[in-house]
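I have placed the structure first, in the form of structure tokens, so that the comments after it can refer back to it.
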Amino acid sequence: MKKNLKGKWALVTGSSRGIGQQIALGLAQLGCNLVVHGRTQENLTATLGMLTDFDVTVHPVAGELDGEAPLNAVIEQVNKVAPQVDILYNNAAISCPSTPVFEFDMATWMSVFQVNVFAMVKLVNAFGPGMKARNWGRIVNVSSGIADQPNLAPYSVSKAAVDKLTQDLAFEFKDTAVRVNAVDPGWIRTDLGGPDAWDSVESTLPGMLAPVIVADNGPNGDYFRAQDFKFFD
Ligand SMILES: NC(=O)c1ccc[n+]([C@@H]2O[C@H](COP(=O)([O-])OP(=O)(O)OC[C@H]3O[C@@H](n4cnc5c(N)ncnc54)[C@H](OP(=O)(O)O)[C@@H]3O)[C@@H](O)[C@H]2O)c1
């Protein structure tokens, strides 16, 4: 297990609020330098404020993940502020309004897949090869335990795609010290999870860090459940 991440650089997408903000906080506690990300610089103010007490370097990068051009701009900014990305934490995602399954329009399917899946693919393509070349890296793809909710099909189907992408990537990296895993945070009271969710956003730590601190020959292509780690240090 690698619990000291001093000198490593992580990009955490969607770290302006919710679970991503906790992931950024947890990584800072392990000494990791950070590129925090949200749609606007203003949205990142709270996260930057939470990270000031840590002895790590933090750079904000703002931009939409909802299309190829804005994604290219995000990647360009990350490359400007960080020497490399050692840990790619693909956390940002959107859900969709609860709708009878046969009535979703294609625009909703497309926008959910763009942010939740295609953006992930593009970020992996941007930062995965560097990890392979340096023979070290962690890619964590945030999934969901959502089941039996056809009224949220674009969201839940996008997470099934995330799980399959995770397995394919793990195979690509199997002979390296790059580990790729998926993680389900649990049902969490955030803007996405809603006020009736079972657990607080703070409960996602330390579990969301588990796929990062795995050994170099540790789990690869696995599916972590953050709430399983609730009672451990
Ligand atoms: N909450 C739950 O119960 C739950 C359950 C299972 C899985 N998850 C997963 O956990 C992850 C985090 O969810 P959360 O509940 O923390 O969500 P959240 O509170 O809604 O936060 C979403 C984050 O993603 C960013 N984001 C959203 N749309 C974006 C876009 N088009 N371009 C760029 N950034 C965008 C937001 O940035 P801005 O602040 O700038 O808008 C924000 O930082 C997601 O992958 C979600 O699917 C959540």
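Reading the sequence shown from the start, the letters are residues 14 to 246 in the numbering used here. Don't be surprised by glycine CBs; every beta carbon is placed ideally from N, CA and C.
Three-way DSSP call (helix, strand, coil) for residue i in this model
{"i": "Asp-212", "result": "strand"}
{"i": "Val-71", "result": "strand"}
{"i": "Arg-192", "result": "strand"}
{"i": "Phe-117", "result": "coil"}
{"i": "Arg-52", "result": "coil"}
{"i": "Trp-122", "result": "helix"}
{"i": "Asp-204", "result": "coil"}
{"i": "Lys-17", "result": "Residue identity check: residue 17 is Asn in the sequence provided, not Lys. If DSSP states are grouped into helix, strand and coil, Asn-17 belongs with coil."}
{"i": "Gly-231", "result": "coil"}
{"i": "Arg-30", "result": "coil"}
Contact belief for residue i with residue j at Cβ below 8 angstroms, rounded distance in angstroms
{"i": "Leu-61", "j": "Leu-222", "result": "About 20 angstroms; that fails the 8 angstroms criterion."}
{"i": "Asn-164", "j": "Leu-136", "result": "Going by Cβ atoms, the distance from Asn-164 to Leu-136 rounds to 29 angstroms, so no, they are not a contact pair."}
{"i": "Leu-24", "j": "Leu-101", "result": "6 angstroms"}
{"i": "Ala-190", "j": "Asp-235", "result": "Going by Cβ atoms, the distance from Ala-190 to Asp-235 rounds to 16 angstroms, so no, they are not a contact pair."}
{"i": "Thr-179", "j": "Val-193", "result": "6 angstroms"}
{"i": "Ser-216", "j": "Lys-243", "result": "6 angstroms"}
CA-to-CA distance, residue j to residue i, given in whole angstroms
{"i": "Ala-59", "j": "Ser-28", "result": "10 angstroms"}
{"i": "Ala-166", "j": "Arg-30", "result": "24 angstroms"}
{"i": "Asp-181", "j": "Ala-239", "result": "22 angstroms"}
{"i": "Asp-22", "j": "Thr-70", "result": "Note on residue identity: the sequence assigns Trp, not Asp, to residue 22. Rounded to the nearest angstrom, the two C-alpha atoms are 9 angstroms apart."}
{"i": "Tyr-168", "j": "Ser-157", "result": "9 angstroms"}
{"i": "Phe-131", "j": "Gly-150", "result": "21 angstroms"}
{"i": "Ala-160", "j": "Ile-152", "result": "24 angstroms"}
{"i": "Leu-205", "j": "Gly-231", "result": "31 angstroms"}
{"i": "Gln-262", "j": "Val-196", "result": "One cannot answer for residue 262 here, as it falls past the ends of the chain, which runs 14 to 246."}
{"i": "Ala-82", "j": "Arg-52", "result": "14 angstroms"}
{"i": "Lys-93", "j": "Glu-116", "result": "43 angstroms"}
{"i": "Val-227", "j": "Asn-17", "result": "11 angstroms"}
{"i": "Lys-187", "j": "Thr-121", "result": "35 angstroms"}
{"i": "Val-125", "j": "Ala-106", "result": "8 angstroms"}
{"i": "Val-114", "j": "Met-123", "result": "15 angstroms"}
{"i": "Asn-129", "j": "Asp-176", "result": "11 angstroms"}
{"i": "Pro-142", "j": "Asn-154", "result": "17 angstroms"}
{"i": "Gly-199", "j": "Asp-209", "result": "13 angstroms"}
**Request:** For the stretch 215-231 and the stretch 28-40, state whether three or more C-beta atom pairs, one from each stretch, are separated by less than 8 angstroms.
**Result:** Between the stretch 215-231 and the stretch 28-40 there are three or more inter-stretch CB-CB distances shorter than 8 angstroms, so the stretches are counted as touching.
**Request:** Determine contact between the stretch 107-119 and the stretch 82-99, defined as no fewer than three beta-carbon pairs at a distance below 8 angstroms.
**Result:** no
**Asked** Hey, is the stretch 70-82 in contact with the stretch 44-55, meaning 3+ C-beta pairs nearer than 8 angstroms?
**Response** At 8 angstroms Cβ cutoff, the stretches touch.
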